[in-house]
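Numbering (my numbering), first residue to last: 7 to 212.
Glycine included, each C-beta is placed from N, C-alpha and C at the ideal position.
Bear in mind the structure is a predicted one, so any value in this text is a computation, not a measurement.
Below is one structure, written out as structure tokens, with a few remarks after it.
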Ligand code: GAR
């Protein structure tokens, strides 16, 4: 069983997929804390509905990004049963960069999901950028967060063809559906201790 802290900024459908996977015994984990970078994020309600402690940070807090990260570290380290802190920090639609305080507090323990095949289409609009570019294949990436935005070691990827009849809306839906399957599966690999990061930054699943 691994203890997770989840970072969100928006609707929280990936958070919901993780909550559901835990409830269905597909994921041997617990969510000890959800931190939102936006007080109006719908994901906060999803967490509260199932009794997960939440913290919402305002824009003002992020005026000092390092101080915001220090605050998140403090909360993540004090979360959970016995207050021993979380094992992994899971970014689920978190639209802020994680910086040195978080990266140092959770080395190779911060995981992100991105709605495109990294290293293509980094940034906040991966699905729309891939669609606008006209690629025929896109997908979803789960990777370790590090000091290079969207450039950390890749843990898992799933591909999907963009059909001629796809529009942005249908593509978004299909990417989200894929994310909701892949993210819990990858987190379960962590729960089973099967994810190994080598010194050459390649990730192996044992
Ligand atoms: C997801 O598609 C996630 O991959 C993306 O934001 C969405 C959040 O949806 N993240 C990024 O683009 C990070 N660069 P959700 O709040 O419903 O989980």
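Beta carbon of residue i: closer than 6 Å to some heavy atom of the ligand GAR?
i, result
"residue 16", "yes"
"residue 119", "yes"
"residue 99", "yes"
"residue 154", "no"
"residue 132", "yes"
"residue 147", "no"
Per DSSP, which residues does residue i bridge with? Please list them.
i, result
"residue 39", "11"
"residue 127", "DSSP lists no partner for residue 127."
"residue 150", "117"
"residue 145", "165"
"residue 60", "40"
"residue 96", "12, 117"
"residue 201", "211"
"residue 50", "The partner list for residue 50 (beta bridge, DSSP) is empty, contrary to what the question assumes."
"residue 160", "149"
State the Cα-Cα distance for the pair residue i and residue j, rounded to the nearest angstrom.
i, j, result
"residue 8", "residue 36", "6 Å"
"residue 120", "residue 58", "24 Å"
"residue 127", "residue 51", "30 Å"
"residue 148", "residue 44", "23 Å"
"residue 86", "residue 29", "18 Å"
"residue 144", "residue 123", "6 Å"
"residue 206", "residue 160", "12 Å"
"residue 194", "residue 34", "6 Å"
"residue 171", "residue 177", "10 Å"
"residue 154", "residue 129", "12 Å"
"residue 208", "residue 200", "14 Å"
"residue 156", "residue 132", "11 Å"
"residue 98", "residue 138", "24 Å"
"residue 134", "residue 179", "12 Å"
"residue 47", "residue 190", "21 Å"
"residue 65", "residue 71", "10 Å"
"residue 88", "residue 60", "17 Å"
"residue 53", "residue 67", "21 Å"
"residue 158", "residue 125", "9 Å"
Can you confirm whether residue i, when its beta carbon is compared against all beta carbons of chain B, has any partner nearer than 7 Å?
i, result
"residue 164", "Checking the listed chains, one finds no chain B in this structure; it contains a single protein chain."
Shorter than 6 Å, the distance from the beta carbon of residue i to the closest heavy atom of the ligand FAD, or not?
i, result
"residue 19", "As far as ligands go, the structure on display features the ligand GAR and does not contain the ligand FAD."
Assuming residue i and residue j form a contact by the criterion Cβ under 8 Å, report the distance between their Cβ atoms to the nearest whole angstrom.
i, j, result
"residue 56", "residue 24", "Actually they are not in contact, since the Cβ atoms of residue 56 and residue 24 sit about 11 Å apart, beyond 8 Å."
"residue 168", "residue 142", "6 Å"
"residue 249", "residue 175", "Past the edges of the chain, shown from 7 to 212, lies residue 249, and the structure says nothing about it."
"residue 146", "residue 163", "7 Å"
"residue 83", "residue 111", "7 Å"
I'd like to know if the stretch 39-57 and the stretch 11-21 are in contact, where contact means that at least 3 CB-CB pairs between them fall below 8 Å. yes
Decide if the stretch 70-77 is in contact with the stretch 104-114; the criterion is three or more beta carbon pairs, one per stretch, under 8 Å apart. yes
Any chance the stretch 87-102 sits against the stretch 112-119, with 3 or more Cβ pairs inside 8 Å? yes
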